[in-house]
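Protein chains in written order, with UniProt numbering: chain A, 1 to 244; chain B, 1 to 244.
Taking it in order: structure first as structure tokens, then the write-up.
There are 2 protein chains.
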Amino acid sequence: MRDDSDGNELVWDRPEPPTRPAPTALSRSRIVAAAIGLADADGMDAVSLRKVAAALDAGPMRLYGYVASKDELLDLMVDEVYGELPPPSEPSGEDWRAALRSIAHRLRDAAHRHEWFIDLLGGRPHVRGPNALAFLEESLAALDRTADFTDVADVMRAVRTFTAYVTGAIRAEVGEARAERATGLALAQWQRASVPYLRRMLATGRYPTVEKVITHDGEEPDADTTFEAGLGAVLDGIAHAFAR
Amino acid sequence: MRDDSDGNELVWDRPEPPTRPAPTALSRSRIVAAAIGLADADGMDAVSLRKVAAALDAGPMRLYGYVASKDELLDLMVDEVYGELPPPSEPSGEDWRAALRSIAHRLRDAAHRHEWFIDLLGGRPHVRGPNALAFLEESLAALDRTADFTDVADVMRAVRTFTAYVTGAIRAEVGEARAERATGLALAQWQRASVPYLRRMLATGRYPTVEKVITHDGEEPDADTTFEAGLGAVLDGIAHAFAR
DNA sequence: CTCGGATCGATACACTGTATCGGAACATAC
DNA sequence: GTATGTTCCGATACAGTGTATCGATCCGAG
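Next comes the structure, spelled out in structure tokens:
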């Protein structure tokens with residue numbers, strides 16, 4: 001038995017096996033890339049060890065040489081997406097709001113490119129890979145380097161609040177996008193109360209405010225501006241509550 | 001073929017089958033209750049149609065008379081939790097912050113009682129059952145009835161922002177709780193950088209701010225006050241951005 | 001009492017993640 | 001070059017999943 005006395009060993013603790021002259025050269029990153037490809041194309045349900053292996057012309061068990069379990073593969077996928085995020089465009093110095101805005105948008109863009117990403121984020125015990133750590137570092141540093149934030153505890157609180165909003169909002173967006181795609185009905189159509197179930201519910205009179213909001217006219221703001229509006233509000237709140 | 005021309009039929013569209021003199025009387029709510037019991041006790045992985053059925057002394061296929069698919073069962077579980085939420089303690093009138101705070105805490109309490117709840121929230125196409133609708137109604141009404149909010153579009157924006165934060169924060173909390181339970185390490189121990197993986201990462205020097213935050217001393221605020229602090233900030237932001 | 005139609009649930013199927021372990025492929029020793 | 005020791009690959013197997021199918025069964029109508 002190998003020394004696995006550290007019960008909390010992480011993926012990133014183990015080296016890849018040496019690239020021996022295998023049938024076809026495999027690697028952790030090729031496996032992760034294949035898995036991401038499948039997830040992007042056909043959703044998370046399409047990511048099974050068998051399918052990932054098949055995409056690499058390998059038997060299912062081949063993968064266990066590089067990855068200890070499916071959960072570990074999922075962790076690696078998440079960290080890979082963090083790694084894809086473009087670096088901050090320019091050191092934004094004292095303007096922490098601009099920095100956080102940039103961070104939020106880069107994460108959101110990635111989450112839209114990989115819709116499964118947001119599902120995996122909070123679900124598993126959430127171990128922080130190197131790229132996720134780098135992402136956290138960027139968020140923390142954006143505040144810590146400014147004169148507005150002098151207490152590290154406040155920096156932490158601010159980043160937690162920020163992250164909670166961003167992930168929550170992205171999740172809601174992605175959920176709505178999926179619902180639209182699944183039902184074929186844009187939210188606008190729900191709004192006109194054309195869905196029989198919803199109409200019947202509203203007819204009970206138990207949801208007057210929902211009805212009012214849903215049937216009010218005025219063009220729907222798109223997802224971008226909705227996200228932006230909420231983000232602005234949250235940054236305002238953070239400024240008031242935690243800064244200076 | 002029955003009339004299912006409405007391709008978007010929901011669970012709540014179909015009546016329960018009449019309670020015929022079956023071996024043991026089954027019902028949608030008994031099934032949902034059993035599923036929730038399993039999920040609470042042993043996590044979401046323990047919720048399989050076979051196990052739920054077994055808990056009710058029935059064969060797996062019995063359930064399909066009451067529920068069209070497992071996904072539908074999950075939808076019903078979610079709505080059931082919404083239904084468990086205690087009603088607002090008192091009509092809080094003009095004080096929308098108090099109302100939203102109350103809503104947030106009731107949801108958070110429920111999510112802690114049923115840790116699986118938050119996982120299911122954003123995942124599926126997220127169809128709104130009667131109880132979820134009632135919850136949405138309460139949130140919207142809390143703002144709409146005040147003088148601070150005159151534009152329904154602002155009410156909508158405010159509620160979306162609020163919900164995004166609350167769900168995101170709960171998800172983060174639950175994820176941390178799970179991680180603690182899985183690794184046996186409280187966050188405090190991570191903070192002392194006692195985990196070898198983390199220590200090695202920090203030793204690279206690439207995460208100076210993370211290191212600073214993690215190793216600073218000062219007692220950890222508990223989850224309650226962290227949630228509350230973030231919530232306060234977000235409500236502040238909402239007041240500034242969308243109210244009056 | 002007989003028959004027709006509805007309904008229930010045992011069986012079956014395709015698929016999942018992963019433990020096991022026979023055998024092949026490699027490195028070493030002579 | 002051969003024999004031996006060792007490692008590691010991956011085919012097979014297993015227990016579990018969600019659900020389609022359809023024969024057996026039971027109920028009510030005539």
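Just so you know, even glycine gets a beta-carbon here, dropped at the ideal spot from N, CA and C.
- Setting aside the 5 residues that flank it on each side, Ala98(A) is surrounded in the same chain by Ser92, each with a C-beta closer than 8 angstroms to its C-beta; the list follows chain order.
- At the C-beta level, Thr167(B) and Leu121(B) come within 8 angstroms of one another.
- Among the residues of chain B, those whose CB is under 7 angstroms from the CB of His216(A) are Val152, following chain order.
- For His240(A), a Cβ of chain B is located within less than 8 angstroms of the residue's own Cβ.
- From the beta-carbon of Asp236(B), the residues of chain A found nearer than 8 angstroms are Asp236, Gly237, His240 and Ala241.
- Of Pro196(B), Gly83(B), Ala25(B) and Glu9(B), the smallest CA-CA separation from Asp57(B) is found for Ala25(B).
- For the C-beta of Tyr165(A), the chain B residues within less than 8 angstroms are, from N- to C-terminus, Thr161, Ala164, Tyr165, Gly168 and Val234.
- Neighbours of Ala132(A) in chain B, taken as residues whose beta carbon is under 7 angstroms from its own, are absent, since the nearest beta carbon is some 11 angstroms off.
- Rounded to the nearest whole angstrom, the C-alpha separation of Thr226(B) and Gly218(B) is 14 angstroms.
- Taken through DSSP and simplified to helix, strand or coil, Val47(B) comes out as coil.
- Scanning its chain for C-beta atoms nearer than 6 angstroms, with the 5 sequence neighbours on each side dropped, one finds around Val174(B) the residues Glu115 and Ile118, in chain order.
- For Leu140(A), the chain B residues whose C-beta falls within less than 7 angstroms of its own C-beta are Thr209, Val210 and Val213, listed in chain order.
- The stretch 209-223 of chain B and the stretch 79-89 of chain B do not touch, with fewer than 3 CB-CB distances between them shorter than 8 angstroms.
- Using beta-carbon distances, Met77(A) does not count as an interface residue toward chain B, since no partner is under 8 angstroms.
- Chain A has a Cβ within less than 8 angstroms of the Cβ of Trp12(B).
- When secondary structure is reduced to three states using DSSP, His240(B) falls in the helix class.
- In this structure the stretch 224-240 of chain B touches the stretch 226-235 of chain A; the number of beta carbon pairs closer than 8 angstroms is three or more.
- Under the DSSP assignment, His112(B) falls in the alpha helix (DSSP H) whose first and last residues are Trp96 to Arg113.
- Burial state of Met156(A) is buried, judged by a 10 Å Cβ sphere holding 16 or more other Cβ atoms.
- Close to Leu136(B), with beta-carbon spacing below 8 angstroms, are these residues of chain A in chain order: Tyr207 and Val210.
- Using a Cβ-Cβ cut-off of 8 angstroms, Thr146(B) does not count as an interface residue toward chain A, since no Cβ of chain A sits closer than that to its own.
- At the C-beta level, Pro88(B) and Glu138(B) come within 8 angstroms of one another.
- In the three-state reduction of the DSSP assignment, Arg28(A) falls in the helix class.
- For Arg171(B), the chain A residues whose Cβ falls inside 9 angstroms of its Cβ are Leu121, Gly122, Gly123, Ala164, Thr167, Gly168 and Arg171, in order along the chain.
- Taking the beta carbon of Gly59(A) as reference, no residue of chain B falls within 9 angstroms; the closest one sits roughly 26 angstroms away.
- Under the three-pair Cβ rule at 8 angstroms, the stretch 105-112 of chain B does not count as touching the stretch 60-67 of chain B.
- Sixteen is the threshold: since fewer than 16 other Cβ atoms of the shown chains lie within 10 Å of the Cβ of Gly43(B), the residue is exposed.
- Ala46(A) has its alpha-carbon roughly 18 angstroms from the corresponding atom of Ser29(A).
- Spanning the alpha carbons of Ile36(B) and Glu176(A) requires a straight line of approximately 25 angstroms.
- Rounded to the nearest angstrom, the Cβ distance from Ala169(A) to Ala164(B) is 4 angstroms, consistent with a contact under 8 angstroms.
- Note that the C-beta distance between His216(B) and Val152(A) is below 8 angstroms.
- Between Ile103(A) and Ala142(A), the gap from beta carbon to beta carbon is short of 8 angstroms.
- Ala229(B) reaches chain A at Arg157, Arg160, Thr161, Ala241 and Phe242, counting residues in chain order whose Cβ is nearer than 9 angstroms.
- Within chain B, the residues placing a beta-carbon under 7 angstroms from that of Tyr197(A) are Leu10, Trp12 and Asp13, ordered along the chain.
- A distance below 8 angstroms separates the beta carbons of Pro130(B) and Met201(A).
- Apart from the 5 residues on each side of it in sequence, Ala132(B) sits with its Cβ closer than 8 angstroms to the Cβ of Val78, Asp79 and Tyr82 in its chain, given in chain order.
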